[in-house]
Amino acid sequence: MSNQEVVVEHDCDSSAGCGAIELVLIPKDKDLGGFSVRRTLPSKQRKTVGPWIFFDHMGPASFPAGKGINVRPHPHVNLATVTYLFEGEILHRDSLGSLQPIQPGDVNLMVAGKGIVHSERERPEITSRDHNLHGLQLWLALPEADEEVEPAFYHYPSADIPSVDVDGIPVRVIMGEAYGVASPVKTYAETLYIEARLKAGQTLTLPDSQERALYVVEGALQARDTSIEQHNMAILGNQTGVSITATEDSLIALVGGEPLGKRYIEWNFVSSRKERIDQAKADWKAGRFPKVPGDEEEFIPMPE
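Per our numbering, the very first residue in the sequence shown carries number 154; after that it's consecutive.
This is the structure we're talking about:
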């Protein structure tokens, strides 16, 4: 995905009357030929939220027959990726031999560890007809002790992700624990990721975590004295019992967890060690990463 400039709409602390919100980030939309991508993390103002180091909102996009997602094989190290769709389908392949369509509500967790290569394309039966795509792609930094683990791929069908009714609001606990339920999705550090759908006028008290960010996929919210508009990300302070109220029907994602310390990020590589990124860049240029079975012919060159 392309780099995008992120600007700050609102920056303050509780002493200035901003209550629960420390910062509101607004991603700049980028049109990739009928496909809109918004990158909110990392930004100049905020690099990480808990272990989360990358947050992309893709779509909603409509593709005519013959067009669609076609991301050639590319590498990652020292991170884990999370792909989650609201609509559409992506076909995941990786150098472990994984071949997995991801559909709405599923969770794809790919642990790069010491190095993995993957592609994101579509099955022919999807590309051959008009179709839509809408979802989130996120990256997790790994704790230093786990950065060089063996690469792994985990797929969790939608039916395995727990849902809970919170005062009439449907909430999915995608990663971590909240509202008395725990997700089966593997974590390496304290990690939180929930989704909630609020009707206009409904209020939700958010689960606590060391660090949290609230992204409005659709709709608009009010958090104390701060309005959070569609496609904005609100960085929450450390107050407990923070509540949000939907000012219109809304779909939200809340991510958070424990901070893992400074991370370097360059292209598709994340690490606590800059020299590890330099090594990964050299390895990719020299062709030392493994191939993706069934997708060996193409690759994305290292940007100069």
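Each residue gets a CB set at the ideal place from its N, CA and C atoms; glycine is no exception.
- Between residue 288 and residue 345, the beta carbon gap of about 19 Å keeps them out of contact (Cβ cut-off 8 Å).
- Residue 231 and residue 296 have their alpha carbons spaced roughly 9 Å apart.
- Looking at the DSSP output, residue 236 sits in a beta bridge with 261, 290.
- Under the DSSP assignment, residue 398 falls in the beta strand (DSSP E) whose first and last residues are 396-410.
- Distances from the alpha-carbon of residue 347 to those of 255, 261, 406, 224 put 406 closest.
- DSSP links residue 206 through a beta bridge to no other residue.
- As the crow flies, the alpha-carbon of residue 328 is around 21 Å from that of residue 371.
- In this structure, the beta-carbon distance from residue 196 to residue 176 does not fall below 7 Å.
- A Cβ-Cβ distance of about 18 Å is found for the pair residue 420 and residue 443, leaving them out of contact under the 8 Å criterion.
- In the assembly as shown, residue 218 is an exposed residue. Its beta-carbon has fewer than 16 other beta-carbons within 10 Å.
- Between residue 397 and residue 375 the beta-carbon gap is near 7 Å, inside 8 Å, which marks them as a contact.
- Residue pairing by DSSP places residue 336 opposite no residue, since no beta bridge is assigned to it.
- DSSP places residue 366 inside the beta strand (DSSP E), whose first and last residues are 364-376.
- A residue is called buried once 16 or more other Cβ atoms fall within 10 Å of its Cβ, and residue 274 is buried on that count.
- Taken through DSSP and simplified to helix, strand or coil, residue 415 comes out as coil.
- Contact between residue 369 and residue 381 holds, with the beta-carbon distance rounding to 5 Å and staying under 8 Å.
- Straight across, the Cα-Cα distance linking residue 306 with residue 323 is about 28 Å.
- Using a 10 angstroms sphere on the CB of residue 304, the tally of other CB atoms reaches 16 or more, which defines it as buried.
- Counting along the chain, the unbroken alpha helix (DSSP H) around residue 280 starts and ends at 277-280.
- Rounded to the nearest angstrom, the gap between the Cα atoms of residue 206 and residue 436 is 23 Å.
- Per DSSP, the unbroken alpha helix (DSSP H) holding residue 431 starts and ends at 427-438.
- Boundaries of the beta strand (DSSP E) around residue 193: 189-194.
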